[in-house]
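Asks: Residues -15 to 312 in the working numbering are what the sequence shown lists, from first letter to last. First, the structure itself, so that you have it in front of you.
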Amino acid sequence: MSATPLSTPQVLITDAADLDHTIALDLLSAAGLEAEYLNSRDRGEILAAARGCSGIILGYASLDAGMIAELPELKVIATMSAGFDMVDVRAAADAGITVCTVPSAATQDVATHAFAGMLALVRQIPRSQALTRAGDWTGTGLPVPPRPGNLTLGLVGFGRIAQYLAELAAPAFKEIIAYDPFTPAEFWPGNVRQAGLDEVLAAADVLSLHTPLTAETENLIDARALESMPDGSYLVNASRGGLVDEAALLEALDSGKLAGAMLDVLAEEPAPADHPLVNHPSAIVTPHTAYRSDASLREYIALPARNVIAVLRGTEPETSLRVPAAAN
-15 MSATPLSTPQ
-5 VLITDAADLD
5 HTIALDLLSA
15 AGLEAEYLNS
25 RDRGEILAAA
35 RGCSGIILGY
45 ASLDAGMIAE
55 LPELKVIATM
65 SAGFDMVDVR
75 AAADAGITVC
85 TVPSAATQDV
95 ATHAFAGMLA
105 LVRQIPRSQA
115 LTRAGDWTGT
125 GLPVPPRPGN
135 LTLGLVGFGR
145 IAQYLAELAA
155 PAFKEIIAYD
165 PFTPAEFWPG
175 NVRQAGLDEV
185 LAAADVLSLH
195 TPLTAETENL
205 IDARALESMP
215 DGSYLVNASR
225 GGLVDEAALL
235 EALDSGKLAG
245 AMLDVLAEEP
255 APADHPLVNH
265 PSAIVTPHTA
275 YRSDASLREY
285 IALPARNVIA
295 VLRGTEPETS
305 LRVPAAAN
């Protein structure tokens, strides 16, 4: 695409949460774009504020097909995340709207969080700390932990985050096995064995999820999947809460089928105070913070702004989704 001069279309930024939305406002203003910040996820409020806008930068707010149909001037939707489940990407593609995500701003951070979580589970660090705080310095009340070097790490999804995690984890685990039918062969290192989902589930002493939430992956880890995992295995999810059937996971933890779970995401966030997984002794639950670092927090808001500027200039954005054509 050839670059064209910028006019002054409106850009709406929604619910930036813990991100500094002024970074995006400054970048957009410097590019000659008028932008507004709306700290809301309310459908009606977003629709009212977005009318006439050429670009929207989304936090956790949703943009469904009905909303997209009511915003005929919209040219670009940029999310403040690697995920895009908050956008009806088919409706956007059909309307000729570019959808941009932030696929790699927190690659190292999320992978490190998942790696730290699985080691904390296996080594029972939270439970050990609880014992010392209670004055017990023997640790004899805890099950004897397995040695990570005798365990198989299974990965569901083998994109950027899982690839970096595999680099971190390879020295610690006996074997790494992964399922991802979409990652090209050149991205598979020799020390990661590619396999089908059922084989990964059956082999994984520690299972870590790194796949987007779609209609096909919702509740991917259900009762059947959990039952097929080795007895006493561990589940790590720093991807999307909807990937896991939480009732089935709770049952697997209660029965001892799973020895533990580390969850940075839940289906409902913030979770209610009495959420059984948040309070489960075999679970570590963090408040959707795997992505956080000083570097990532800036890039999560700056890259969407740069993508919006590029699209509205008529140039290629740094990152964009490629949505397959709809079937006839």
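For glycine and all other residues, C-beta sits at the position ideal for the given N, C-alpha and C.
Does the region 289 to 300 come close enough to the region 0 to 12 to have 3 or more Cβ pairs within less than 8 Å?
Replies: As far as the Cβ criterion goes, the region 289 to 300 touches the region 0 to 12, which means the pair count is three or higher.
Asks: Rounded to whole angstroms, what is the Cα-Cα separation between T124 and G133?
Replies: Cα-Cα distance, rounded: 22 Å.
Asks: Around the C-beta of G226, are 16 or more other C-beta atoms found within 10 angstroms, so that it is buried, or is it exposed?
Replies: With 16 or more Cβ atoms within 10 Å of its Cβ, G226 is classed as buried.
Asks: Going by DSSP, name the residue or residues bridged to M246.
Replies: In the DSSP output, where bridge partners are listed per residue, M246 has V220, I268.
Asks: By Cβ distance below 7 Å, which residues in the same chain neighbour A251 in space, the five residues on each side in sequence not counted?
Replies: Cβ neighbours of A251 beyond the five flanking positions: G225, G226, E230.
Asks: Only counting the same chain, and skipping five residues up and downstream in sequence, which positions put a Cβ closer than 6 Å to that of E283?
Replies: If we look at E283 and ignore the five residues flanking it on each side, its Cβ neighbours are A89.
Asks: For D26, count the other beta carbons within 10 Å of its own beta carbon; 16 or more makes it buried, fewer makes it exposed. Which is it?
Replies: By the 10 Å Cβ count, D26 comes out exposed.
Asks: Buried or exposed: N263, going by 16 or more other Cβ atoms within 10 Å of its Cβ?
Replies: That one is exposed.
Asks: Is it right to say F171 is buried, meaning 16 or more other beta carbons lie within 10 angstroms of its own, or is it exposed?
Replies: Exposed, since its Cβ has fewer than 16 Cβ neighbours within 10 Å.
Asks: Judging by CA-CA distance, which residue of L3, C37, T273 is the nearest neighbour of V249?
Replies: When each option's Cα is compared against that of V249, the closest is T273.
Asks: Could you have a look at Y148 and say whether DSSP puts it in helix, strand or coil?
Replies: Three-state DSSP puts Y148 in a helix.
Asks: Please list, in chain order, all residues of the same chain as A340 whose beta carbon is under 6 Å from its beta carbon, the five residues on each side excluded.
Replies: Lying outside -15 to 312, the shown extent of the chain, residue 340 is not represented and no answer is given.
Asks: Within its chain, find whatever has a CB closer than 6 Å to the CB of A75; leave out the 5 residues flanking it on each side and keep chain order.
Replies: Counting only Cβ-Cβ distances below 6 Å, and skipping sequence neighbours, we find A49, I52.
Asks: Under the rule that 16 or more other beta-carbon atoms within 10 Å means buried, what is P165, buried or exposed?
Replies: Per the 10 Å Cβ criterion, exposed.
Asks: Return the Cβ separation of V220 and A98 in integer angstroms, given the expectation that the two are a contact with Cβ distance under 8 Å.
Replies: Rounded, the Cβ-Cβ distance is 5 Å, consistent with contact.
Asks: I need the DSSP call for I61, collapsed to helix, strand or coil.
Replies: Correct three-state label for I61: strand.
Asks: Rounded to whole angstroms, how far is the Cβ of A104 from the Cβ of I(-3), which I believe are closer than 8 Å?
Replies: Not confirmed; about 35 Å, so no contact.
Asks: Output the distance between the C-alpha atoms of E151 and K241, rounded to the nearest integer angstrom.
Replies: Going from the Cα of E151 to the Cα of K241 covers about 28 Å.
Asks: Tell me the rounded alpha-carbon separation between Y275 and G119.
Replies: So the two alpha carbons sit approximately 34 Å from each other.
Asks: For D4, which residues from the same chain have a beta carbon less than 7 Å from its beta carbon, with the 5 sequence-adjacent residues on both sides left out?
Replies: Excluding positions up to five away in sequence, the list reads I285.
Asks: Could you check where the beta strand (DSSP E) with Q(-6) kicks off and where it finishes?
Replies: Taken as a continuous stretch (DSSP letters only), the beta strand (DSSP E) holding Q(-6) covers -6 to -2.
Asks: Starting from the C-beta of S192, find all residues in its chain whose C-beta is less than 6 Å away, skip the five residues before and the five after it, and write them out in chain order.
Replies: Once the five neighbours on either side are set aside, the close Cβ partners of S192 are A98, L139, V220.
Asks: According to DSSP, is L105 helix, strand or coil?
Replies: Looking at L105 - three-state DSSP - the assignment turns out to be helix.
Asks: Helix, strand or coil: which one does DSSP assign to G360?
Replies: Residue coverage of the chain in this structure runs from -15 to 312, which leaves residue 360 outside it and unanswerable.
Asks: Hey, out of V228, E159, G143, whose CA is closest to H194's CA?
Replies: The option with the nearest alpha carbon to H194 is G143.
Asks: S192 by DSSP, collapsed to three states: which one?
Replies: Three-state result, S192: strand.
Asks: With 16 other CB atoms within 10 Å as the buried threshold, where does S280 fall?
Replies: The residue in question, S280, is buried, as its Cβ has 16 or more Cβ neighbours within 10 Å.
Asks: Where do the ends of the beta strand (DSSP E) carrying I41 lie?
Replies: 37 to 42 is the span of the beta strand (DSSP E), which, as asked, contains I41.
Asks: Under a three-way DSSP split, which group does A8 fall into?
Replies: Helix at A8.
Asks: Rounding to the nearest angstrom, what Cα-Cα distance links T299 and E18 in this structure?
Replies: Approximately 19 Å, taken between the alpha carbons.
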